[in-house]
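*Asks:*
Number of protein chains: 2
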Amino acid sequence: MTTERPAVVVVDAETPGNVGTIARAMKNFGLSDLKLVNPPELDPGGEAYGFAGHAREDVLPNAETVTFDDVVETHHTVGCTAITGEDSRRHVRFPFKTPAELADDLRTVDTQTALVFGREGRGLDNEELGRLDEVCSIPASADYPVLNLGQAATVLLYELRELTTEETQLPDVERERANEADIERFHGFVADFLDASGYKDVKREKTRRLVRRLVGRAHPTDREIHTLLGVFRRATGQLEHRQTLLDEYDEPDRW
Amino acid sequence: MTTERPAVVVVDAETPGNVGTIARAMKNFGLSDLKLVNPPELDPGGEAYGFAGHAREDVLPNAETVTFDDVVETHHTVGCTAITGEDSRRHVRFPFKTPAELADDLRTVDTQTALVFGREGRGLDNEELGRLDEVCSIPASADYPVLNLGQAATVLLYELRELTTEETQLPDVERERANEADIERFHGFVADFLDASGYKDVKREKTRRLVRRLVGRAHPTDREIHTLLGVFRRATGQLEHRQTLLDEYDEPDRW
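In order, the protein sequences belong to chains A and B. Counted the way our numbering counts, the first sequence spans residues 1 to 255. Counted the way our numbering counts, the second sequence spans residues 256 to 510.
(1) Using a Cβ cut-off of 9 angstroms, pull out every chain B residue sitting near phenylalanine 232 (chain A), in sequence order please.
(2) At 4 residues or longer, what runs of the alpha helix (DSSP H) sit wholly inside the segment 381-454 of chain B?
(3) Checking 8 angstroms against the spacing of the C-beta atoms, do tyrosine 109 (chain A) and cysteine 80 (chain A) come in under that value?
(4) If you run the structure through DSSP and keep just helix, strand and coil, what is arginine 235 (chain B)?
(5) Glutamate 197 (chain A) to glycine 385 (chain B), Cα distance in whole Å?
(6) Under a Cβ-count criterion, where at least 16 other Cβ atoms within 10 Å of its own Cβ denotes burial, should threonine 154 (chain A) be classed as buried or exposed?
(7) Please report how far the alpha carbon of proline 295 (chain B) lies from the alpha carbon of phenylalanine 306 (chain B), in whole angstroms.
(8) Name the chain A residues whose beta carbon is nearer than 7 angstroms to that of leucine 379 (chain B)?
(9) Alpha helix (DSSP H) containing lysine 27 (chain A): first to last residue?
(10) Give the secondary structure of histidine 330 (chain B) by DSSP, where H, G and I count as helix, E and B as strand, and everything else as coil.
(11) Could you tell me which of A:Arg223, A:Gly30, A:Pro171, A:Leu36 sits nearest to valine 19 (chain A), measuring between CA atoms?
(12) Could you list which residues in chain A have their beta carbon closer than 7 angstroms to that of threonine 368 (chain B), in chain order?
(13) Work out the CA separation of valine 264 (chain B) and proline 394 (chain B) for me, nearest whole Å.
(14) I'd like to check one pair, histidine 330 (chain B) with alanine 369 (chain B): are the Cβ atoms closer than 8 angstroms?
(15) Check whether the segment 464-483 of chain B touches the segment 89-96 of chain A, counting contact only when three or more Cβ pairs, one atom from each stretch, lie closer than 8 angstroms.
(16) Can you tell me whether proline 44 (chain A) is buried or exposed, with buried defined as 16 or more other CB within 10 angstroms of its CB?
(17) Give me the chain B residues within the contact set of threonine 76 (chain A), using Cβ-Cβ distance strictly less than 8 angstroms, ordered along the chain.
(18) Is the beta carbon of arginine 185 (chain A) closer than 8 angstroms to that of leucine 194 (chain A)?
(19) Under 8 angstroms between C-beta atoms, does valine 428 (chain B) make it to chain A?
(20) If you count every other CB in all the chains shown that lies within 10 Å of the CB of asparagine 403 (chain B), and 16 or more means buried, which is it?
(21) Should alanine 152 (chain A) and glutamate 422 (chain B) be called a contact, given that it needs their Cβ atoms to be closer than 8 angstroms?
(22) Chain A partners of threonine 336 (chain B), CB-CB under 7 angstroms?
(23) Assuming phenylalanine 29 (chain A) contacts leucine 170 (chain A) (C-beta within less than 8 angstroms), just tell me the rounded distance between them.
(24) Quick check on valine 347 (chain B): does DSSP put it in helix, strand or coil?
(25) Sort A:Ala191, A:Leu132, A:Ala235, A:Thr227 by Cα distance to leucine 210 (chain A) and report the nearest one.
(26) Note the first and the last residue of the continuous beta strand (DSSP E) segment covering valine 37 (chain A).
(27) Give the interface partners of arginine 223 (chain A) over in chain B, defined as CB-CB distance under 9 angstroms, in chain order.
(28) Can you tell me whether lysine 256 (chain A) is buried or exposed, with buried defined as 16 or more other CB within 10 angstroms of its CB?
(29) Would you say valine 78 (chain A) and leucine 132 (chain A) are within 8 angstroms of each other, going by their C-beta atoms?
(30) Assuming contact is defined by CB atoms lying nearer than 8 angstroms, are threonine 65 (chain A) and glycine 150 (chain A) in contact in what I supplied?
(31) What is the rounded straight-line gap between the Cα of alanine 181 (chain A) and the Cα of glycine 230 (chain A)?
(32) In terms of residue numbering, what span does the beta strand (DSSP E) encompassing leucine 266 (chain B) cover?
(33) Are the Cβ atoms of leucine 106 (chain A) and cysteine 136 (chain A) separated by less than 8 angstroms?
(34) Strictly under 8 angstroms for the Cβ-Cβ distance: is methionine 1 (chain A) near chain B by that measure?
(35) What residues in the segment 384-398 of chain B bring their beta carbon closer than 8 angstroms to a beta carbon of chain A?
(36) Determine the direct distance from the alpha carbon of serine 88 (chain A) to that of aspartate 502 (chain B), and round the result to whole angstroms.
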């Protein structure tokens, strides 16, 4: 996104805890601009701060109280609702985007976007949605599609994470796959191990293919493949050593 | 998924509210099997039921108290944690899957899976993770990747929704795009409208292309395109009518 990160707007929140939950999700996914329309009191010793995690240090105390008009006049607005229109006969809640579609779309747009969430009990009303530019809805079970306010915001911010977080906590996994040469060495060790275990040709080949499929699916790390190399080398060595000792017992005439 | 829907396991939850939040997310995304290891007391008048939404009617009262051993012995287990290993030198938390990768993977597996979440303060410990089959971690801001327990469960269940919800509340949008013939008719009306407005050829063509691009990106619904057809037809008619009247005034000799 070539633009500022989205603001999050909460209209008429009733429960301070939900504001805290949203602030936490914002910090988890790299956002900081929280705007509140007609907020409940946010006591630093109360639930909002209790639910905010580390966002109690910045996102929550920096939240700005605004009017709905302010937001509509200065932002590209996306209204979030569980309840969409069924078709285009009424267009207050139709068409809509899913969070994944919204993420794809915002990627190419240079604007100041505001993600607008409504009150806990009944969300955004039709008059409010009618003034917003787009509608976004989270696909959920037809039996019970209404997420809690804080949970809905968390899901939406999670979906937008690639636009809003420069770096995640997760290491780059690509580099961590074992290289193919080591994996092939491993398969050679498996063959030696099966030989040493006394497998006959046909069964040995079947078993090797099975192991190749299993390991192929698991994409082993360097560490894993080297540990397994050691396991099979040791086992093969022990099998051969013990067989040698047994063979000596079996040939007493050699003594 | 050719298998049972995943169970959700919460180990040593401290806050009843989080258990309620997880139950609600389960119902939102089509899950029902909640298992609790060493749960807090879940008073039907308390926070767990308060946070559960409609899941207070089924998921929460049907939750089963189990031991960690029970779960490990009977399920393919996925441990959820914000803190992964950096690389394969220690494999308690490495490799890991993201929720999207886990969803892709479980799609092809026929097994009884359990999604295991740890306590609020410190998640699952290394001894517990060491006994689970896979690790899953939600990508989040490197500055603050630790989601609240209930929010983390919500994100993971959201990502698995295609495996767990047969039908969402969202209507099928494909059928709701206006057909191409109507959109072309609309572009014809725009041309007539520009003519009637007195646009000259070059500017008229540029403006028509601009409108074509704008409408092409917006994928209008039937309702939208028919409304716009009406708007332009009316405007063109009015422009022409008024011009006719004006022309009559300009030619007094005709009278």
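We put the CB at the ideal spot given by N, CA and C, even for glycine.
*Replies:* Straight from the coordinates:
(1) Ordered by position in chain B, no residue passes the 9 angstroms Cβ test against phenylalanine 232 (chain A), which lies about 18 angstroms from the chain.
(2) For the segment 381-454 of chain B, whole alpha helix (DSSP H) runs of length 4 or above, ordered along the chain, are 381-386, 404-414, 416-419, 435-451.
(3) Before going further, note that residue 109 (chain A) is valine rather than tyrosine in the sequence given. Going by C-beta atoms, valine 109 (chain A) is not nearer than 8 angstroms to cysteine 80 (chain A).
(4) The structure shown does not extend to residue 235 (chain B), since chain B is modelled only from 256 through 510, so no value can be given for it.
(5) It should be noted that the sequence gives serine, not glutamate, for residue 197 (chain A). Here the alpha carbon of serine 197 (chain A) sits roughly 30 angstroms from the alpha carbon of glycine 385 (chain B).
(6) Buried is the call here.
(7) One C-alpha to the other measures close to 15 angstroms.
(8) Result: empty, since nearest Cβ-Cβ is about 16 angstroms, beyond 7 angstroms.
(9) Membership of lysine 27 (chain A) in the alpha helix (DSSP H) is indicated by the continuous run 16-28.
(10) In this structure, histidine 330 (chain B) counts as coil in the three-state DSSP scheme.
(11) Per the Cα distances, A:Leu36.
(12) Within chain A, no residue comes near threonine 368 (chain B); the closest Cβ sits about 16 angstroms away, beyond 7 angstroms.
(13) Within the model, the alpha-carbon separation for proline 394 (chain B) versus valine 264 (chain B) is close to 21 angstroms.
(14) In this structure, histidine 330 (chain B) lies closer than 8 angstroms to alanine 369 (chain B) by Cβ.
(15) Using a C-beta cut-off of 8 angstroms, the segment 464-483 of chain B makes contact with the segment 89-96 of chain A, since at least three inter-stretch Cβ pairs fall below that distance.
(16) Burial call: exposed.
(17) Inspection of the sequence shows that residue 76 (chain A) is occupied by histidine rather than by threonine. Those within 8 angstroms of histidine 76 (chain A) in chain B number zero; the least Cβ separation is about 14 angstroms.
(18) Not closer than 8 angstroms, so no.
(19) It does; some Cβ of chain A falls within 8 angstroms.
(20) The residue in question, asparagine 403 (chain B), is buried, as its Cβ has 16 or more Cβ neighbours within 10 Å.
(21) No.
(22) Near threonine 336 (chain B) there are no residues of chain A at all, since even the closest Cβ is about 11 angstroms away, more than 7 angstroms.
(23) Contact between phenylalanine 29 (chain A) and leucine 170 (chain A) fails: their C-beta atoms lie close to 13 angstroms from each other, not under 8 angstroms.
(24) The three-state secondary structure of valine 347 (chain B), taken from DSSP, is coil.
(25) For leucine 210 (chain A), the closest alpha carbon among the candidates A:Ala191, A:Leu132, A:Ala235, A:Thr227 is that of A:Ala191.
(26) From DSSP, the beta strand (DSSP E) with valine 37 (chain A) extends over 34-37.
(27) In chain order: Asp342, Ser343, Arg344, Arg345, His346, Phe349.
(28) As shown, chain A starts at 1 and ends at 255. That puts residue 256 (chain A) outside it, with no answer to give.
(29) Cβ distance < 8 angstroms, so valine 78 (chain A) and leucine 132 (chain A) count as in contact.
(30) No. Outside cutoff.
(31) Looking at the two C-alpha atoms, the distance is approximately 16 angstroms.
(32) Checking the sequence shown, residue 266 (chain B) turns out to be valine, not leucine. 262-266 is the span of the beta strand (DSSP E), which, as asked, contains valine 266 (chain B).
(33) Result no, Cβ atoms of leucine 106 (chain A) and cysteine 136 (chain A) do not sit closer than 8 angstroms.
(34) Only weak support exists for where methionine 1 (chain A) lies, its pLDDT of 44 falling under 50; the value from the coordinates is given anyway. No, its Cβ sits nowhere closer than 8 angstroms to a Cβ of chain B.
(35) Cβ contacts with chain A: Ser392, Ile393, Pro394, Ala395, Ser396, Ala397, Asp398.
(36) Straight-line spacing of the CA atoms in aspartate 502 (chain B) and serine 88 (chain A) works out to 41 angstroms.
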